[in-house]
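Residue numbers (this note's numbering): 1398 to 1993.
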C-alpha cells in the first residue's frame, strides 16, 4: 500500500505528529473548558449567594410581591449579569414569584430536579451544618447553554427561595475560538511534521538512492563503480561495505575473465592448429575411401575405422571453432530474403532425407534471415530427430503474431519425431554443450555440440529453440524454433552485413587466427553431412577446398545414388543447392546435432 520508503516515512511522521497534536489539543481544550466553565460558574454562584444573603435574607417573613420584585431586580443588577427569580409567601399566605425579567426567566425554566433539591430540608449533623444548600445545574435553552442555580434563605418560618439564570454563551464562544486555534495549531504541526519527514527522508534516501544507482551500474557490468563515502553513520558504513564488495567482485571477475579468455584462446588456437593437419588427413582418408574396394579385405575395416574417426574428429574441430566464434562474439548475420519452404526443402533434399521427412509448409512464406545459419539449425534439429526419434519426422512451418504486441511476426518451425520422447530429467540439458543422455555411449558419433550450436544460431537471430514431448499416446519429441521474420534490427545492432553474399569483417580470433580464414563458408558448419548426432546419412559436403572438397563431393554422389538418384541427377542438384546457399568459404559443410 505504501510502495516507497519516502512515502512511508512521511506517513509515519504525519501520523505521529497528528496523534501528538490531537492528544495535546484535546487535553488542552478540556482543561481550558473545565477551567473557564468552573470559573464562570463559581463566580456567578458566589455572587448569587451573597446577593441572597444581602437582599432576600433581610426581607420580612410576610413579604409583598412588590418587595420581592424589587429585591430580584436589585440582585440582577450584579456584575455577573444573571436573571433572578424570587419565590415567597404573601401576608395572606399566597405564593408570589417575582422575576427580574419575567420575559426571560420564569419558574418553568428551572428544572424540577433542581427545585426539589433546593426545597428539601436536610438533617443537621457533624457533616451537615445547614438544613438548606445552594444547588446548580447546566441546561440548554433554545440551543444556548445556561447555568441555573437555586438556594433557600435559612431561617424560621417561611423564607424566600431564589433562583438565578446565567447565560454561558460568552464562555462557549471563547471555547469555540480556543478549539479553532487548537485545530489550526494541529494542522500546522501536521504540515511541519510532513516537511520534517520530507527533509529527513531526503537526508536518508539520498545515500540509499546513490547506493541503488551504484548497484544498478554494478549489475550492468560496470565493476569500477564506487561510492563517495562521508561521515561515520550507518549509511556511511554501508557505503564502505559496498565499495569493498565491489572491489572484491571486480578483482574476482577480472581473474575469471582472464581465465575464460585464456580458455577460449586455447580452444581457438587448438582448433586452428588442428585444422591444417586435419585437412591433409581428410584428403588422405578420402583417397583411401575411394580405393576401399580395391584394398585387402583384412585391412578394409581398419581403413573404414580411420575414415569414420577422421570425419568425427574433423566435425569436432569445426564445431569447436564455431563455438569459439560464438563465445568471442565474432559471429555475424548475413541476411537475405528467404522462402522458408524452399529453404527447408533444400536442407532435406541435400541430405537425402526426403523419404524420411514430412514437410507441412506453404510456399511464399518469406523471411529475412541468414540462410546459412537457418540451414545449420534445420540440419541439426531434423538430423537429431531422425537419429534419436523415428521416421517419419514431421516439419511444419507457420507464422504467428508476436506476444509483445509490437506488430511484428514470428516464424515458427516445429520438428516432431515419432520416437519415445525425451526423458524429463534430460529435457533441461538437451542444449548443453557435450551433453549426452546415455552415459553408456560416450563414444557416439556426435560430439554433443550440434544442438548447442543450433541454439546459438537461433539466439543470434533474436530467436529461441524449445524442446518438449508431444502430449497423448503419440509421444515423440518436439523441437520448436521461433525466429523473427525480419532480423534486420538485430543485424544492425551487431553490425552484420545485410546483403546476400556479403560477409562482414570480424576481428581475428585468439592466437592470430584471421576470422575470414577460420570461419567456414556459407555452407560450412551446416551444409551437409548431417552426421553429428544424426546417424551419418546424406553426406553432401559443399564448399570444400581443393581435392578434399572434391573427395567428399564424390562420396556424397555415391550415397545419393544409393537413395535412388543417378550421379548426373545429383551433380545437377548439388550445383543448384550450392548456388542457392552462396558457396564459397572454407571447410567442409556439415549438419551437426546435439546428443539427446
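Positions of the beta carbon are idealized from the N, C-alpha and C atoms, including for glycine.
Can residue i and residue j be called in contact, C-beta distance under 8 Å?
| i | j | result |
| --- | --- | --- |
| residue 1585 | residue 1620 | no |
| residue 1631 | residue 1434 | no |
| residue 1733 | residue 1805 | no |
| residue 1794 | residue 1812 | no |
| residue 1587 | residue 1411 | yes |
| residue 1487 | residue 1496 | no |
| residue 1846 | residue 1831 | yes |
| residue 1790 | residue 1762 | no |
| residue 1808 | residue 1796 | yes |
| residue 1565 | residue 1593 | no |
| residue 1453 | residue 1475 | no |
| residue 1551 | residue 1532 | no |
| residue 1692 | residue 1700 | yes |
Assuming residue i and residue j are in contact, meaning their beta carbons sit under 8 Å apart, how far apart are those beta carbons, in whole angstroms?
| i | j | result |
| --- | --- | --- |
| residue 1546 | residue 1481 | That belief does not hold up - the Cβ atoms of residue 1546 and residue 1481 are roughly 10 Å apart, past 8 Å. |
| residue 1598 | residue 1406 | 4 Å |
| residue 1864 | residue 1878 | That pair is no contact at about 10 Å. |
| residue 1493 | residue 1511 | That belief does not hold up - the Cβ atoms of residue 1493 and residue 1511 are roughly 20 Å apart, past 8 Å. |
| residue 1591 | residue 1445 | Their Cβ separation, rounded to whole angstroms, is 51 Å, which puts residue 1591 and residue 1445 out of contact at 8 Å. |
| residue 1557 | residue 1484 | 6 Å |
| residue 1477 | residue 1440 | 6 Å |
| residue 1426 | residue 1521 | The pair is not a contact, with the Cβ atoms about 42 Å apart (cut-off 8 Å). |
Could you spell out where the beta strand (DSSP E) holding residue i opens and where it closes?
| i | result |
| --- | --- |
| residue 1542 | 1541 to 1549 |
| residue 1591 | Counting along the chain, residue 1591 falls outside any beta strand (DSSP E), though it belongs to the alpha helix (DSSP H) covering 1566 to 1616. |
| residue 1881 | 1874 to 1881 |
| residue 1866 | 1861 to 1866 |
| residue 1535 | 1532 to 1538 |
| residue 1734 | 1733 to 1736 |
| residue 1794 | 1790 to 1798 |
| residue 1495 | 1492 to 1496 |
Do you know how far the Cα of residue j is from the Cα of residue i?
| i | j | result |
| --- | --- | --- |
| residue 1490 | residue 1542 | 36 Å |
| residue 1713 | residue 1635 | 51 Å |
| residue 1765 | residue 1771 | 11 Å |
| residue 1514 | residue 1507 | 12 Å |
| residue 1641 | residue 1682 | 59 Å |
| residue 1758 | residue 1739 | 9 Å |
| residue 1748 | residue 1755 | 14 Å |
| residue 1666 | residue 1708 | 20 Å |
| residue 1820 | residue 1786 | 12 Å |
| residue 1704 | residue 1711 | 10 Å |
| residue 1624 | residue 1610 | 10 Å |
| residue 1415 | residue 1518 | 52 Å |
| residue 1910 | residue 1602 | Because the pLDDT of residue 1910 is 33, which lies under 50, any placement of that residue in the model is unreliable, and the question is left without a value. |
| residue 1876 | residue 1724 | 24 Å |
| residue 1781 | residue 1607 | 51 Å |
| residue 1826 | residue 1413 | 57 Å |
| residue 1798 | residue 1880 | 11 Å |
| residue 1361 | residue 1702 | The question about residue 1361 has no answer, for the chain in this structure spans 1398 to 1993. |
| residue 1817 | residue 1773 | 25 Å |
| residue 1943 | residue 1860 | Interpretation of residue 1943 is limited by its pLDDT of 34, a score under 50 that renders its predicted location unreliable; no figure is taken from the coordinates. |
| residue 1417 | residue 1408 | 14 Å |
| residue 1769 | residue 1720 | 16 Å |
With 16 other CB atoms within 10 Å as the buried threshold, where does residue i fall?
| i | result |
| --- | --- |
| residue 1874 | buried |
| residue 1760 | exposed |
| residue 1663 | exposed |
| residue 1527 | exposed |
| residue 1581 | exposed |
| residue 1549 | buried |
| residue 1849 | buried |
| residue 1629 | exposed |
| residue 1904 | Interpretation of residue 1904 is limited by its pLDDT of 35, a score under 50 that renders its predicted location unreliable; the figure taken from the coordinates is listed afterwards. It is exposed - the Cβ of residue 1904 has fewer than 16 other Cβ atoms within 10 Å. |
| residue 1431 | exposed |
| residue 1777 | buried |
| residue 1401 | exposed |
| residue 1577 | exposed |
| residue 1670 | exposed |
| residue 1687 | exposed |
| residue 1814 | buried |
| residue 1428 | exposed |
Output the boundary residues of the alpha helix (DSSP H) element that contains residue i.
| i | result |
| --- | --- |
| residue 1752 | First-last for residue 1752: undefined, no H or E at that position. |
| residue 1443 | 1402 to 1451 |
| residue 1850 | 1847 to 1857 |
| residue 1780 | 1768 to 1785 |
| residue 1670 | 1631 to 1687 |
| residue 1466 | 1462 to 1473 |
| residue 1512 | 1509 to 1516 |
Flag residue i as yes when its Cβ comes closer than 7 Å to any non-hydrogen atom of the ligand GTP, and as no otherwise.
| i | result |
| --- | --- |
| residue 1573 | This structure lacks the ligand GTP, and indeed carries no ligand of any kind. |
Is the Cβ of residue i closer than 8 Å to any Cβ of chain B?
| i | result |
| --- | --- |
| residue 1515 | Protein chains in the displayed structure number just one, and chain B is not present. |
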